[in-house]
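Same order as they appear, the protein sequences are chains A and B. Residues are numbered in the numbering used here as their position in the first sequence, beginning at 1, plus a constant of 102. Residues are numbered in the numbering used here as their position in the second sequence, beginning at 1, plus a constant of 20. This report concerns only the one structure given below.
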Amino acid sequence: MELLQSTAEALRLLMAGDAELWGIIFVSVKVCFLALVIATPPAVLLGFFLASRIFPGRRVLIVAVQTLLALPTVVIGLILYMLLSRQGPFGSMHLLFTQQAMVIGEAILAFPILAALTLSAVQAVDPRVAETARTLGAKPWRTSLTMLLEVRFAVMAAMVSGFGRVISEIGCAMMVGGNIAGVTRNITTAIALETSKGEFVEGIALGIVLVIIALTINFGLALLQGRGGSR
Amino acid sequence: MSLMLVRGLRKSFGERLLFDVAELALQSGSSYLLTGGNGSGKTTMLRILAGLETAQIGSVSFEGVTIPAGEICTQLSPRVVYLHQHPYLFSSSVAANVAYGLKAAGMAHAKREALVREAMTWAGVNHLAHIAPHKLSGGEKQRVALARARILNPKMLLLDEPTANLDEEARRQVAGLIRQMCDNNHCVVIATHDPELMTLKDAVQLRLENAALR
Ligand SMILES: Nc1ncnc2c1ncn2[C@@H]1O[C@H](COP(=O)(O)OP(=O)(O)OP(=O)(O)O)[C@@H](O)[C@H]1O
Ligand SMILES: [Mg+2]
């Protein structure tokens, strides 16, 4: 019964446009969005080169990307914490417990997903794409661009997956963000805090938002995969 | 002078020798019908001539200029264009596919437009402009691919079974377009079994058999 009541109250809070609540949601969305904007270009480039070029160290790099994919978010948070803390090598930049630190952390988390998914998308691209481009006179860079354009839906799907991973993680956001109210408190760290205080309403409201985001993401993914697989 | 002259062309896959050709001379203004049984190496031969596949090559020259064997594609495309048996159309639009080579050559959009329209009209694909390329039928794809190649005015066109797996109507349309391309300015090499194309007038017969070309 209490759960039902709390949920009703949570929905009321959301509908009422509660400033604190929506501020927290905004922090999450903003941080994740910026992280993706930063991580996507280098990750897509790396994924593309790993898929299409043969060079010494390639296998090592592929394994490294796959390892990063499996690294727990708290471990990334821990490493970044040590780098950014006052005694750390980047301590003088005073980034710890700021949104910038969260953006860096989430970008690092999104990077291997984007790189790995781009890698497999480019590996799966029809060999006729590059051959057709080359025989029509395309230079290597245009051939590469054409291949990337052919897998654009897969790359967008990778971005959506990356967004899904970083918006729902808590380890890194908590450690380098510090859950400071009005600054670095985001959906996941707020849920953890409210729950630990025994206050479920706000937690449930944010949980609902997170679930809606997750559903939207999966719906978007299904759409993108439909487009990519339609040829 | 031959348009393309290849000497000492050998291709093997592992232990298996696919073909060993002492000399292959292709002339401008001539068309060639490349025949041979399944697996005789027709596709492989065309791909080697396009520089899309490696082989042991004694020497290659094009219009009298010697080309390093490893640089056939980079140096000769798009003067030499290869068409896959099942052409791949980029997932943009039909017009963008036809324009691709001109764009790659750096031609400005405004200059391209009239040429693209002309090539599409030639291939009879104007009405397909707004359909997603992957939704086109096999014959329509083949026609778009022919327009995409012809717009570049290639010296040599390598066609891999362009009418295979097409219905009667589509075969006639595609064969008609190919017939038009076999003129004095082009060298067209067609791998085919299609009787419709075998009647191409003045075409030189090349047959791959027992690892030799005759
Ligand atoms: N990458 C490869 N590795 C090993 N064998 C290959 C490879 N590519 C082609 N072959 C073999 O070489 C032979 C010639 O192939 P190719 O496709 O050139 O023949 P084709 O004359 O075009 O046949 P078809 O009439 O069926 O199109 C085939 O037996 C094929 O299995
Ligand atoms: Mg073949």
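Backbone N, C-alpha and C define an ideal beta-carbon position, used for all residues, glycine too.
Could you give the first and the last residue of the continuous beta strand (DSSP E) run that contains residue i?
| i | result |
| --- | --- |
| Lys175/B | Here Lys175/B belongs to no beta strand (DSSP E), and DSSP marks it neither H nor E. |
| Ser51/B | Ser51 to Gly56 |
| Glu301/A | It is not in any beta strand (DSSP E) - Glu301/A carries neither H nor E in the DSSP assignment. |
| Tyr183/A | Tyr183/A -> not in any beta strand (DSSP E); alpha helix (DSSP H) instead, spanning Thr175 to Leu186. |
Among all the DSSP beta bridges, which residues are the ones paired with residue i?
| i | result |
| --- | --- |
| Met24/B | Leu46/B and Phe82/B |
| Asp40/B | Arg30/B |
| Val209/B | Tyr52/B and Leu178/B |
| Val224/B | Tyr52/B |
| Leu103/B | Leu179/B |
| Gln76/B | Arg30/B |
| Pro232/B | Pro is not the amino acid found at residue 232/B; the sequence shown has Ala there. Glu229/B, per the DSSP bridge assignment. |
| Ile87/B | Val80/B |
Are the C-beta atoms of residue i and some chain A residue less than 8 Å apart?
| i | result |
| --- | --- |
| Ala184/B | no |
| Ser157/B | no |
| Gly121/B | yes |
| Ser60/B | no |
| Phe33/B | no |
| Phe110/B | yes |
| Pro215/B | no |
| Tyr52/B | no |
| Val194/B | no |
| Pro98/B | yes |
| Leu197/B | no |
| His206/B | no |
| Val136/B | no |
| Val164/B | no |
| Val101/B | yes |
| Leu179/B | no |
| Arg143/B | Per the sequence shown, residue 143/B should be read as Ala rather than Arg. Answer no: the Cβ-Cβ gap between Ala143/B and chain A never drops below 8 Å. |
| Leu172/B | yes |
| Leu72/B | yes |
| Ala116/B | no |
| Ala124/B | yes |
| Arg168/B | yes |
| His104/B | yes |
| Cys93/B | yes |
Assuming residue i contacts residue j (C-beta within less than 8 Å), just tell me the rounded distance between them.
| i | j | result |
| --- | --- | --- |
| Ile210/B | Tyr108/B | Their Cβ separation, rounded to whole angstroms, is 19 Å, which puts Ile210/B and Tyr108/B out of contact at 8 Å. |
| Gly207/A | Ile178/A | 6 Å |
| Ala203/A | Leu186/A | 6 Å |
| Ala232/A | Thr245/A | 5 Å |
| Ala259/A | Gln327/A | 6 Å |
| Asp180/B | Leu66/B | 5 Å |
| Ala145/A | Leu216/A | 4 Å |
| Leu87/A | Leu123/A | Summary: the structure shown does not reach residue 87/A, with chain A confined to residues 103 through 333, and so no result is reported for it. |
Could you tell me whether any Cβ in chain B is nearer than 8 Å to the Cβ of residue i?
| i | result |
| --- | --- |
| Ser332/A | Low confidence applies here, because Ser332/A scores a pLDDT of 46, under 50, leaving its location unreliable and the question unanswered by this model. |
| Leu238/A | yes |
| Ile234/A | It should be pointed out that residue 234/A corresponds to Thr in this sequence rather than to Ile. Thr234/A counts as touching chain B. |
| Arg244/A | yes |
| Val231/A | yes |
| Thr175/A | no |
| Thr220/A | no |
| Asp228/A | yes |
| Thr169/A | no |
| Glu111/A | no |
| Glu104/A | no |
| Thr291/A | no |
| Glu252/A | yes |
| Thr318/A | no |
Taking residue i as part of the alpha helix (DSSP H), name the residues at either end of that continuous run.
| i | result |
| --- | --- |
| Glu233/A | Pro229 to Thr237 |
| Val167/A | Arg160 to Ala172 |
| Glu104/A | Glu104 to Met117 |
| Tyr120/B | Val114 to Ala124 |
| Thr141/B | His129 to Ala143 |
| Phe110/B | Run containing Phe110/B: none; DSSP gives neither H nor E here. |
| Thr96/B | Correcting the residue identity first, residue 96/B is Leu in this sequence and not Thr. Unbroken alpha helix (DSSP H) run through Leu96/B: Ile92 to Leu96. |
| Arg287/A | Neither: Arg287/A is in no alpha helix (DSSP H) and is coded neither H nor E. |
| Ala141/A | Ala121 to Ser154 |
| Leu197/B | Glu188 to Met201 |
| Ala209/A | Gln201 to Gln225 |
| Pro215/B | Pro215 to Met218 |
| Lys62/B | Lys62 to Ala70 |
| Lys161/B | Gly158 to Arg170 |
Please confirm if residue i has its CB atom under 8 Å from at least one CB of chain D.
| i | result |
| --- | --- |
| Glu122/A | In the structure shown, chain D cannot be found, because the protein chains are A and B. |
What runs of the alpha helix (DSSP H), each 4 residues or longer, lie entirely inside the region 235–277 of chain A?
Contiguous alpha helix (DSSP H) elements confined to the region 235–277 of chain A occur at 242–252 and 254–270, taking only those with 4 or more residues.
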